[in-house]
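The structure appears right after this line, and notes come after that.
Right, here's the structure in full:
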């Protein structure tokens, strides 16, 4: 780490000292009881966030670094997958080709629909990113990504500050809890993956909306819950499930504390009233939710699980974390980057599971906490307050919640449940932030702020903290400085409390110092996790405007577009920006992609027919880059052109022209998307062959089809023959719409190398024909002899019924809001008048 690049930290340190001075001067006002947020509170919260964010992201704001990490860093998928996607999204919005209904893109993988990356596409914060990207241009993308990330952090803090008014009476406690919440590990580290950072403010908004509605059931608050649920579920059912499951558990525990008298009837009615806006929000979201759910459940390989549901439940309930995870979890509780920032693996320190390689992916996949070096101390004070001053009902509810959090951490069942029992994964660990940060804020308010420190619990917590930080210091794989600073700030924080106990007159200033030390520790952890990384160099950040990288490739692609109006795929022997997703940035149809949400059938195509194209080092990455001399696959996929920066000597390629330094080669075998054969092979027969090479031999004369299709075809398709005499061409004349012609001298079966995803309608001479899966992942259909006009058009599966359900949801929302309004009005009218009104 080159510290000469971080001179701005001196400015940040001066600003932090000035802010601490102002905090000491205003601590009386910030310590005064106020259940409503004050102007002073909001200003100090904003100022603290501004200084902390400047320290963490100063070089990103100044344009020295780009908000993405490159190959060699665990977070390299930021530049390999997400940056190309956002670049493509902004370009499509600019040229008017972006559509949210029947969206289809051939520029990503072999072709994808909107549902395949709905979590990215419908991220609500794209409403900031995309319009600004259109206005400011491609070179602004890096700055817009860090700006949007900053907005998410600030919004999370202010939403949580509002939520804390239900639990804390003092502004300073709410400020501390909100800053630790917004700068915790999930937001700062996992938020580097852009759309995952959007989870946090939506989670805070949902927690606040449900809290407000449970507190007072009015029509506006009903609509608030509907809106939050609709946004979450329309955006991503994956995240919405996690958030709503958390809210269900939380509300079921909290409802008794809101009832004057707890009876089964009162409890059930409250549950139903809370469920009503959730149901309405789910219905409103159906126009996006139904297509996404159909894709997620039926087509993506990410939701597949090998064992039956019952076996998975029993296995997860009876499986506990490995012993070597305990210290790793405790370390992550105090800071996300104590062990590694993402530069180094944790081989030999944290064992992996059958589904996740924590050796490499520890920083992003292991459970997220990162609540500062003072987390154990604040929690110790909270539990002391709970058992000495808390009501019996509160103690019971909190201990049930604490037991669930503990089980989430040590047993496999709850984290697996939050992924709908698909696999053990800690992406849902963001849900722990609300209860834990609430507890820390309460502990600060009840014990630290008034000077009522519980010394015995603090001593135990301090010993545990120092032991964990010492272990982290010894075992860190990246930098000892992170643990050293954590130890130093923790010592300062505890020393402040000890001195305050002996010098009561100094207590306000020392209490401010205690809070500042915790925030400083969190900010430094976030700084190291964001800066001690392998950053993308400026001229390697896609379309950064630095240098002319990729200019000649774009010229070559323009030449092809001018000279060949048909649809075709292109690939390259070199990379311009990233190994697999240059097609998203430079706008061409390709076969190379890094896609973490692959279609299940396309995934099967690669495994069964082109296994050599699967990256040996990167998950979900495959294509021409990894296996370049494969003419039978290039023909099948209609890879008509290969671009190279040097001469290529493959028998199936012929040089067409050279544009600047780019050689353009033509695949002599590739004619169009359509592969026409008379013979078919049943999938079970192909599956029985020993390897992909054996199956590829079938492609010369046959098409692989499902067994039931093979059985239903006429006898003419039964025996292998020489390839049928056929010709075909296709052109793309709209988003998800291709037209072409196919001529064949005998009844045949056609394979269009378009993923069999969603609903593709194929018409032959104006008549729609039945389709089936061909060659493991593509569209197949039967075709009689002769010359035919063929049209392939895409329809997002589930869009129409989803639209109908959305309409029903709007009606149900209006009816529900009116019913809540009528009920709240009746309750208000039933309250007897007092004072002057009674006279």
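In the working numbering, the protein residues as written are 369 to 1207. Note that CB positions come from ideal geometry on N, CA and C, so glycine has one too.
Top-ranked residue by Cα proximity to residue i, from the options
i: residue 538; options: 1009, 814, 1096, 1037; result: 814
i: residue 676; options: 713, 789, 730, 1188; result: 789
i: residue 719; options: 692, 619, 702; result: 692
i: residue 1169; options: 761, 656, 1148; result: 656
i: residue 499; options: 462, 1192, 483, 525; result: 462
i: residue 1110; options: 1125, 1130, 1124; result: 1130
i: residue 838; options: 818, 734, 859, 1007; result: 859
i: residue 1173; options: 1102, 816, 647; result: 647
i: residue 411; options: 480, 491, 436, 529; result: 529
i: residue 402; options: 388, 756, 534; result: 534
Three-way DSSP call (helix, strand, coil) for residue i in this model
i: residue 577; result: helix
i: residue 942; result: coil
i: residue 629; result: coil
i: residue 1195; result: helix
i: residue 1062; result: helix
i: residue 920; result: helix
i: residue 707; result: coil
i: residue 1070; result: strand
i: residue 840; result: helix
i: residue 542; result: helix
i: residue 1189; result: helix
i: residue 742; result: coil
i: residue 718; result: coil
i: residue 456; result: helix
i: residue 963; result: coil
i: residue 689; result: coil
i: residue 369; result: coil
i: residue 733; result: helix
i: residue 480; result: strand
i: residue 1099; result: strand
i: residue 914; result: coil
i: residue 1204; result: At residue 1204, the pLDDT of 34 sits below 50, so the modelled position is not reliable; the number obtained from the coordinates is stated separately. If DSSP states are grouped into helix, strand and coil, residue 1204 belongs with the helices.
Beta-carbon contacts of residue i that lie in its chain and below 7 Å, excluding the five residues immediately before and after
i: residue 1075; result: 1050, 1051, 1052
i: residue 993; result: 947, 948, 960
i: residue 662; result: 1165, 1166
i: residue 907; result: 914, 915, 917
Short Cβ contact (7 Å threshold) for residue i with residue j
i: residue 748; j: residue 829; result: yes
i: residue 338; j: residue 1010; result: In this structure the chain extends from 369 to 1207, so residue 338 is not present and cannot be described.
i: residue 961; j: residue 991; result: yes
i: residue 1043; j: residue 1004; result: yes
i: residue 594; j: residue 645; result: yes
i: residue 514; j: residue 425; result: yes
i: residue 1142; j: residue 1073; result: yes
i: residue 546; j: residue 525; result: yes
i: residue 516; j: residue 493; result: yes
i: residue 1192; j: residue 586; result: yes
i: residue 1114; j: residue 1068; result: no
i: residue 442; j: residue 904; result: no
i: residue 738; j: residue 559; result: no
i: residue 1062; j: residue 840; result: no
i: residue 485; j: residue 965; result: yes
i: residue 847; j: residue 900; result: yes
i: residue 320; j: residue 1123; result: The shown model of the chain, from 369 to 1207, leaves out residue 320, and the question about it has no answer.
Same chain, Cβ closer than 6 Å to residue i, five either side skipped, listed in chain order
i: residue 624; result: 630
i: residue 812; result: 541, 544, 746
i: residue 825; result: 748, 752
i: residue 1118; result: 1042, 1044, 1149, 1151
i: residue 805; result: 545, 548, 549
i: residue 1095; result: 1111
i: residue 998; result: none
Close Cβ partners of residue i (< 8 Å) along its chain, the five nearest in sequence each way excluded
i: residue 615; result: 574, 575, 578
i: residue 620; result: 639
i: residue 1030; result: 920, 921, 923, 924, 1011, 1012, 1013
Below-7 Å beta-carbon distance, residue i vs any chain B residue
i: residue 1169; result: Included in the structure is just one protein chain, with no chain B present.
Going residue by residue through the region 371 to 441, where are the continuous alpha helix (DSSP H) segments of at least 4 residues, counting only ones entirely within it?
376 to 393, 395 to 399, 407 to 429
Which whole runs of the beta strand (DSSP E) in the region 844 to 903 are 3 residues long or more, in chain order?
none
Please list the segments of the beta strand (DSSP E) lying wholly inside the region 1104 to 1167, counting only runs of 3 or more residues, in order along the chain.
1105 to 1112, 1116 to 1123, 1127 to 1132, 1135 to 1137, 1140 to 1142, 1146 to 1151, 1154 to 1163
Which complete beta strand (DSSP E) runs does the region 984 to 1058 hold, if anything under 3 residues is left out?
1007 to 1012, 1021 to 1027, 1030 to 1035, 1042 to 1045, 1047 to 1050
Taking the runs of the beta strand (DSSP E) that are 3 residues or longer, which of them lie wholly in the region 490 to 517?
none
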